[in-house]
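Notes follow once the structure below has been shown.
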Amino acid sequence: MGSRGQSPPQWNHTTLVEFILLGFSDVPDLQGFLFGLFLIIYLIILMGNILIIVIIKIDPSLQTPMYFFLGNFSSLEICYVSVTVPRLLVDLCRQNRSISFLACATQMYFFLMFGATECFILTAMAYDRYVAICHPLLYPLVMNSRLCVRLAAGCWGSGIPVHIGFTSQVFSLPFCASNQLNHFFCDVPPVLKLACGDTFTTEMLVYVVAILVVTVPFMLILGSYVNIISTILRLPSATGRAKAFSTCSSHLTVVALFFGSGIITYMRPKSSHSVGMDKFLSLFYTIITPMFNPIIYCLRNKDFMVALRKLLLKWSVL
1 MGSRGQSPPQ WNHTTLVEFI LLGFSDVPDL QGFLFGLFLI IYLIILMGNI
51 LIIVIIKIDP SLQTPMYFFL GNFSSLEICY VSVTVPRLLV DLCRQNRSIS
101 FLACATQMYF FLMFGATECF ILTAMAYDRY VAICHPLLYP LVMNSRLCVR
151 LAAGCWGSGI PVHIGFTSQV FSLPFCASNQ LNHFFCDVPP VLKLACGDTF
201 TTEMLVYVVA ILVVTVPFML ILGSYVNIIS TILRLPSATG RAKAFSTCSS
251 HLTVVALFFG SGIITYMRPK SSHSVGMDKF LSLFYTIITP MFNPIIYCLR
301 NKDFMVALRK LLLKWSVL
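Right, here's the structure in full:
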């Protein structure tokens with residue numbers, strides 16, 4: 001990244017029209033293995049989330065706000081991983097890993113938008129659990145279908161204008177000299193490393209957006225679960241406590257995995273960034289966590305497992 005005191009005439013300007021995604025080119029012997037591994041993970045994510053969506057749609061017992069948001073979350077996960085993984089798979093099979101400015105900006109925009117939507121959807125799911133456990137008598141009245149649709153629409157739509165502006169800000173920076181992006185997709189930190197001149201304003205904008213999109217939703221979820229856990233602990237029945245914990249534990253696990261890696265990536269000081277750590281964390285929240293989400297939600301949810309067994313029995317009869 002260029003020094004902050006330089007004036008524009010001193011830069012060695014080159015009009016860049018594309019980046020080169022280095023990805024995992026530093027381990028050429030592992031290209032075939034990585035392709036197979038990421039392809040399997042991608043198929044697991046697709047099949048797992050499609051299965052969740054299908055079961056929620058066809059099982060009458062799952063027509064509740066909790067599963068409505070889970071269906072939205074599964075649809076979002078398919079979109080989220082499809083922004084980065086197909087491109088990564090193609091790059092692992094070819095020598096030319098160039099990506100145009102427009103394609104890079106588009107990938108960054110959709111990645112950030114779907115990531116923000118995921119933060120908001122997880123917050124809406126936490127609110128649903130908060131009302132269900134802390135105010136069970138008001139639950140049918142509060143979490144009506146109109147509110148659920150509005151919450152979901154707000155989650156999907158609220159990240160669009162923010163990240164159009166943010167992506168435009170990043171790509172309006174001057175890029176000079178190297179066009180080699182030492183990453184497997186167009187994420188914010190590696191792109192900013194190639195920018196010239198004063199990037200302080202953009203870096204501050206990264207923190208502001210991260211606070212609004214990641215930290216605030218995380219704190220709201222944390223607040224919800226403090227109330228949820230204190231309410232559960234006051235339940236007189238051990239069976240009731242176990243059931244309440246089981247409906248919340250899967251969501252809390254997903255929240256910890258997703259927000260934990262996101263906060264570490266975008267909120268830690270720039271001086272602590274390293275290429276290896278950035279790639280590992282990015283793999284974690286772009287591929288690994290989405291792979292575990294269907295498994296966590298399916299295996300830890302008794303109602304869902306019952307619905308899955310019913311579906312499998314129907315298929316076996318046909």
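In the numbering used here, the protein residues as written are 1 to 318. Cβ atoms here follow ideal geometry from the backbone N, Cα and C, with glycine treated the same way. Just so you know, these numbers come straight off a predicted model, no measurement behind them.
Residue range of the unbroken alpha helix (DSSP H) whose run includes residue i
| i | result |
| --- | --- |
| residue 122 | 101-134 |
| residue 68 | 65-92 |
| residue 41 | 31-58 |
| residue 200 | 200-210 |
| residue 138 | From DSSP, residue 138 is part of no alpha helix (DSSP H); its letter is neither H nor E. |
| residue 220 | 216-233 |
| residue 192 | 188-193 |
Residue from the options whose Cα sits closest to the Cα of residue i
| i | options | result |
| --- | --- | --- |
| residue 301 | 231, 101 and 246 | 246 |
| residue 116 | 249, 316 and 216 | 216 |
| residue 187 | 170, 63 and 198 | 170 |
| residue 218 | 251, 288, 24 and 141 | 251 |
| residue 211 | 235, 264 and 248 | 264 |
| residue 111 | 87, 96, 38 and 315 | 87 |
| residue 289 | 23, 33, 25 and 45 | 45 |
| residue 126 | 69, 237, 80 and 89 | 69 |
| residue 255 | 124, 64, 33 and 84 | 124 |
| residue 168 | 306, 104, 316 and 249 | 104 |
| residue 165 | 89, 134, 106 and 142 | 106 |
Cβ neighbour criterion (16 or more within 10 Å) applied to residue i
| i | result |
| --- | --- |
| residue 67 | buried |
| residue 295 | exposed |
| residue 279 | buried |
| residue 72 | buried |
| residue 145 | exposed |
| residue 140 | exposed |
| residue 8 | Reliability fails at residue 8, whose pLDDT of 44 lies under 50, so the model's placement of it is uncertain and the value that follows must be treated cautiously. It is exposed - the Cβ of residue 8 has fewer than 16 other Cβ atoms within 10 Å. |
| residue 240 | exposed |
| residue 26 | exposed |
| residue 207 | exposed |
| residue 6 | Since pLDDT at residue 6 reaches only 43, below the 50 mark, its modelled position is unreliable, and no value is offered. |
| residue 190 | buried |
| residue 293 | buried |
| residue 12 | Any reading at residue 12 must be qualified, since the residue scores a pLDDT of 47, below 50, and its modelled position is unreliable; no value is offered. |
| residue 234 | exposed |
| residue 185 | buried |
Presumed contact (8 Å Cβ cut-off) between residue i and residue j, rounded CB distance
| i | j | result |
| --- | --- | --- |
| residue 122 | residue 19 | In fact, because the Cβ distance is near 31 Å, the residues do not count as touching under 8 Å. |
| residue 74 | residue 49 | 4 Å |
| residue 62 | residue 56 | 5 Å |
| residue 93 | residue 35 | 6 Å |
Host beta strand (DSSP E) of residue i (start-end)
| i | result |
| --- | --- |
| residue 173 | Per DSSP, residue 173 belongs to no beta strand (DSSP E) and is neither H nor E. |
| residue 288 | Where residue 288 is concerned, there is no enclosing beta strand (DSSP E), given that its DSSP letter is neither H nor E. |
| residue 21 | 18-21 |
Taking 8 Å as the cut-off, does the stretch 115-129 touch the stretch 150-163 (at least 3 CB pairs, one atom from each stretch)? yes
Does the stretch 222-238 come within contact of the stretch 161-181, defined as at least 3 CB pairs closer than 8 Å? no
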